[in-house]
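*Asks:* One structure, pasted below without further comment.
2 protein chains.
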Amino acid sequence: MNINKFVMPEVIFGHGSRDQVGESCLRLGAKKVLIVSDRGVMNEGWLENVIENCKKAGLLFATFYDITTNPKDFEVEKGKEQYIAHECDAVIGVGGGSAIDTAKAIAILVTNGGSIHDYEGVDKINEPLPPMVMIATTAGSGSEVSQFSVIVDSKNKKKMTIVSKSLVPDIAIVDPQTLTTKSPQLTASTGLDVLTHAIEAYVSIAATPLTDVQAKNAIQLVAEHLRPSVASKINMESKYHMAMASLQAGLAFSNAILGAVHAMSHAIGGRFPLLHGEVNAVLLPHVMEFNFLAVPKKFSTIAELCGESVQSLSNIEAGKKAIDYIKQLSLDIGAPQRLSEMGLTDEGISEMSQVALEDACMITNPRDIKIEDVIQLYRQAL
Amino acid sequence: MNINKFVMPEVIFGHGSRDQVGESCLRLGAKKVLIVSDRGVMNEGWLENVIENCKKAGLLFATFYDITTNPKDFEVEKGKEQYIAHECDAVIGVGGGSAIDTAKAIAILVTNGGSIHDYEGVDKINEPLPPMVMIATTAGSGSEVSQFSVIVDSKNKKKMTIVSKSLVPDIAIVDPQTLTTKSPQLTASTGLDVLTHAIEAYVSIAATPLTDVQAKNAIQLVAEHLRPSVASKINMESKYHMAMASLQAGLAFSNAILGAVHAMSHAIGGRFPLLHGEVNAVLLPHVMEFNFLAVPKKFSTIAELCGESVQSLSNIEAGKKAIDYIKQLSLDIGAPQRLSEMGLTDEGISEMSQVALEDACMITNPRDIKIEDVIQLYRQAL
């Protein structure tokens, strides 16, 4: 019964809610916004959509979409220069984790100065950030509501996790319609990322009753709606529920932090240009098997939330059903099953294990973990 | 599938969390705070506690606790004068709904000017409010997280409901330890107020998936922990869960609004110095019986959340169990069962019915309601 803290942005959720972006920026006092996005989002037309809406609201704007999957320190630096050159006074992020995390990192630099490396870790941001409005288009990262930004340190080839209440955006806009342009592959990997957020937050040693309600609801929604969402681009009901699952999982992990899956996935993402969600999807069942010992009762609840019948089963038996369920889900939606499918080999595993062990997300993993454990988990997932 | 909005303050929750009040004010840039409370809270020692903590943090302060149950417009006016005379720059509320609603109303006047009557209704506040930190000590009102303030119009003898996102405090502190000094009577009435918030928010026509998770969890917590909490002043587990229930019900109704119970209760509270929670407790089962027609499936879920076995029952049968459950709960904890026990008579019912019909909370009631219905409901509850 420790003291729990919970923060979240104002949320605007629903079909067509992206059309509130201009008005939202005005409400925060913005006059000229930097719109941060990526080429994928631009090609799907959502960036233009946002630009049109900002124009209609009478906002001036500049754009920056020169970013890659797993955004890099030097990309953040470029974005900052863009913000300064155009004398912007607010930031909009449009996209998945890459665009939104970059938008947050730019916001840090424009009022706090220095290099993005200075802010790695917890609570390193001192000056208030400019107004931030984030539009989530992937139902995956949860970054639109979280106090996290993850940026690659390109020299040291590792992901830096930046955690601060200041990184919670002012307004998060979640519009399920933006999910209709995602490929089945991206729907699957981002959906499994949502599940990973929800499960890691739920079993985190920093979980609280406030994060549990969000995490549990997100698990239930993913179990019910991820398969239909992968199956059809136009099944709006499933898009709606997956967007909600992503939002709730984001609220849960933002406040309960994550665990070994994310620590290990960050170490991979710092070196290889892989989809974060796919890497998580491969690691999740292995880490769950490792963590099972620490939280059997919670695993039993996860099985129940996934719709498994657990009556007359012990927590141990029921908990194992949760792991089986998630393996099957991942198979059903065609997610990769092994790291080797993505081109990883045994090379570099010991360095990555060291990096993973030092990741901020490892602190809240429910089972104590040593370097040998991390190495073994990577090997199991190869 | 409309567009849903959800706002909440930063929350600090847990035993001893009241000791973060000074630091919280400093974080918001406060130098001199007006601490708004009431005599009950002062006599229980919590006000002194807060003052000590503010002193320790190096804050200057003034106090204002000249308020009554169902706080009045002229009390708000006095508080405003106190704030200005002492050149304060932030507001702390310590107490239940009365203290916190007064603190919010003072905050409105000091930056927006005019009279508190000018702000009745939705979205009438234009200027930003000073920093607000609220400490909830009753596990009842939920005002520490809500966008509501309810103030009595003393001339017209009615409660004015003021609704605005600006009324969401910056930081809400919820410390279950402050519940240990409450009488069983106050524990019962505030606990039934929590249940009323949760149920009205859940069946509200403005309910969303984001408010539903909070409302449902709150109903479950009240069903499990209100009886033990009334039974023992020192049962800390029950205090903890009731404080959480209050917080979650507050988040639910702040964003989904309420219904006929609150509309009718406000009309009573504007005329008679009665405990808001007790009036709600009497009205709740009558309004539930009236509303049943509109949302039988939700009523069935309420029964399930209360721990009733609903397997093999129809929604209609299960929903009726919810109403029976709540009547029994109210009896078990010794809450008043009739308005006449509190001194009400048939006199004034038709005027009150008109006032109730015009209350902002009536708009979201799930069943259409006419003046004759309101009159009949009041009579049934007499």
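Same order as they appear, the protein sequences are chains U and E. Following the working numbering, the numbering of the first sequence begins with 1 at its first residue and continues without gaps. Following the working numbering, the numbering of the second sequence begins with 1001 at its first residue and continues without gaps. Yeah, the Cβ is synthetic: ideal placement off N, Cα and C, and Gly gets one too. Source: prediction; values computed, not measured.
Tell whether a beta-carbon distance below 9 Å holds between G1079/E and T1137/E.
*Replies:* Contact flag unset, no.
*Asks:* My guess is that I1349/E and I1375/E are in contact by the Cβ rule of under 8 Å, so how many angstroms apart are they, rounded?
*Replies:* Right, their Cβ atoms sit about 6 Å apart.
*Asks:* Does the CB of F6/U have a neighbour CB from chain E at under 9 Å?
*Replies:* With 9 Å as the cut-off, F6/U counts as an interface residue toward chain E.
*Asks:* Taking 9 Å as the CB-CB cut-off, is Q311/U touching chain E?
*Replies:* Q311/U does not count as touching chain E.
*Asks:* Would you give the residue range spanned by the alpha helix (DSSP H) that A245/U belongs to?
*Replies:* Unbroken alpha helix (DSSP H) run through A245/U: M236 to A256.
*Asks:* For a contact defined as C-beta to C-beta under 8 Å, what are the partners of E1010/E on chain U?
*Replies:* The contacting residues are K5, F6, V7 and K165.
*Asks:* Under the three-state reduction of DSSP, which class applies to K159/U: helix, strand or coil?
*Replies:* If DSSP states are grouped into helix, strand and coil, K159/U belongs with the strands.
*Asks:* Under 8 Å Cβ-Cβ, which residues of chain E neighbour M244/U?
*Replies:* Correct list: P1209 and L1210.
*Asks:* Exposed or buried, what is E75/U when buried is set at 16 or more other beta-carbons lying within 10 Å of its beta-carbon?
*Replies:* Buried, by the Cβ-count rule.
*Asks:* Counting only Cβ pairs nearer than 9 Å, list the residues of chain E close to F13/U.
*Replies:* Per Cβ cutoff of 9 Å: I1003, N1004, K1005, F1006, T1208, P1209 and L1210.
*Asks:* Should A223/U go down as buried or exposed, given a rule of 16 or more other Cβ atoms within 10 Å for buried?
*Replies:* Its Cβ being crowded by 16 or more others within 10 Å, A223/U is buried.
*Asks:* To the nearest angstrom, how far is it from the Cα of G269/U to the Cα of S98/U?
*Replies:* For G269/U and S98/U, the distance between alpha carbons rounds to 12 Å.
*Asks:* Using the rule of at least 16 other Cβ atoms within 10 Å of the residue's Cβ for burial, across every protein chain shown, is K55/U buried or exposed?
*Replies:* By the 10 Å Cβ count, K55/U comes out exposed.
*Asks:* Please name the residue in D1324/E, G1250/E, V1036/E and T1102/E whose C-alpha comes closest to that of M1160/E.
*Replies:* M1160/E has its Cα closest to that of T1102/E, out of D1324/E, G1250/E, V1036/E and T1102/E.
*Asks:* Given a cut-off of 9 Å on the beta-carbon distance, is the pair D1038/E and T1068/E in contact?
*Replies:* Yes, the Cβ-Cβ distance between D1038/E and T1068/E is below 9 Å.
*Asks:* Relative to the C-alpha of V968/E, which residue among T1211/E, K1104/E, P1296/E and A1172/E is closest?
*Replies:* Shown here, chain E extends from 1001 to 1382; a query on residue 968/E therefore has no answer.
*Asks:* Reducing DSSP to helix, strand and coil, say where M134/U ends up.
*Replies:* Note: M134/U maps to strand in three-state DSSP.
*Asks:* Along the chain, which unbroken stretches of the alpha helix (DSSP H) at least 4 residues long are found entirely within the segment 1268 to 1351 of chain E?
*Replies:* Correct list: 1276 to 1291, 1296 to 1305 and 1315 to 1332.
*Asks:* Determine which residues of the segment 1214 to 1233 of chain E have a Cβ less than 9 Å from any Cβ of chain U, and write them out in chain order.
*Replies:* Listed in sequence order: Q1214, K1216, N1217 and L1221.
*Asks:* Does the segment 1287 to 1302 of chain E come into contact with the segment 1179 to 1190 of chain E, if we say contact requires no fewer than three beta-carbon pairs (one atom in each stretch) closer than 8 Å?
*Replies:* Output reads no: the segment 1179 to 1190 of chain E does not touch the segment 1287 to 1302 of chain E.
*Asks:* Counting Cβ pairs, one atom from each stretch, are 3 or more of them under 8 Å apart for the segment 191 to 200 of chain U and the segment 273 to 282 of chain U?
*Replies:* Counting Cβ pairs under 8 Å, three or more are found: they touch.
*Asks:* Give me the Cα-Cα distance between A207/U and E1351/E, rounded to the nearest whole angstrom.
*Replies:* Cα to Cα, A207/U sits roughly 50 Å from E1351/E.
*Asks:* In three-state terms, what does DSSP make of V145/U?
*Replies:* Three-state DSSP puts V145/U in coil, outside helix and strand.
*Asks:* Please report the distance separating the alpha-carbon of P296/U from that of I1012/E.
*Replies:* Cα to Cα, P296/U sits roughly 29 Å from I1012/E.
*Asks:* So is I1028/E in contact with chain U if we call contact Cβ pairs under 9 Å?
*Replies:* Residue identity differs from the one stated: residue 1028/E is Leu in this sequence, not Ile. For L1028/E, the answer is no, since every Cβ of chain U falls outside 9 Å of its Cβ.
*Asks:* 9 Å is my cut-off, CB to CB: does L339/U come that close to chain E?
*Replies:* So, not an interface residue.
*Asks:* Pick out the complete alpha helix (DSSP H) segments inside the segment 1066 to 1144 of chain E, 4 residues or longer, and give them in chain order.
*Replies:* DSSP runs (the alpha helix (DSSP H)) wholly in the segment 1066 to 1144 of chain E: 1073 to 1085 and 1097 to 1112.
*Asks:* Taking the straight line between their C-alpha atoms, what separation do you get for N4/U and G1319/E?
*Replies:* About 35 Å.
*Asks:* Check whether the segment 144 to 157 of chain U touches the segment 202 to 216 of chain U, counting contact only when three or more Cβ pairs, one atom from each stretch, lie closer than 8 Å.
*Replies:* No: the two stretches stay apart, fewer than three of their Cβ pairs being nearer than 8 Å.
*Asks:* How would you label G1140/E, buried or exposed, when you count the other beta carbons within 10 angstroms and need 16 or more for buried?
*Replies:* Buried: at least 16 other Cβ atoms inside 10 Å.
*Asks:* Are there three or more Cβ pairs, one per stretch, closer than 8 Å when the segment 237 to 248 of chain U is compared with the segment 315 to 333 of chain U?
*Replies:* Touching, no.
*Asks:* Out of S1254/E, L1382/E and L1247/E, which one is the CA nearest neighbour of A1281/E?
*Replies:* Taking only the C-alpha atoms, the option nearest A1281/E is L1382/E.
*Asks:* Looking at V33/U: is its Cβ nearer than 9 Å to the Cβ of I106/U?
*Replies:* No. Outside cutoff.
*Asks:* Where does D1212/E sit, in a helix, a strand or coil, going by DSSP?
*Replies:* Helix, per DSSP.
*Asks:* State yes or no: is the C-beta of P176/U within less than 9 Å of the C-beta of G29/U?
*Replies:* The answer is no: Cβ separation not under 9 Å.
*Asks:* Suppose the cutoff is 6 Å on Cβ atoms and the five residues either side in sequence are ignored; what does the same chain contact list for P131/U look like?
*Replies:* Only L28, A30, A90 and D170 meet the Cβ criterion.
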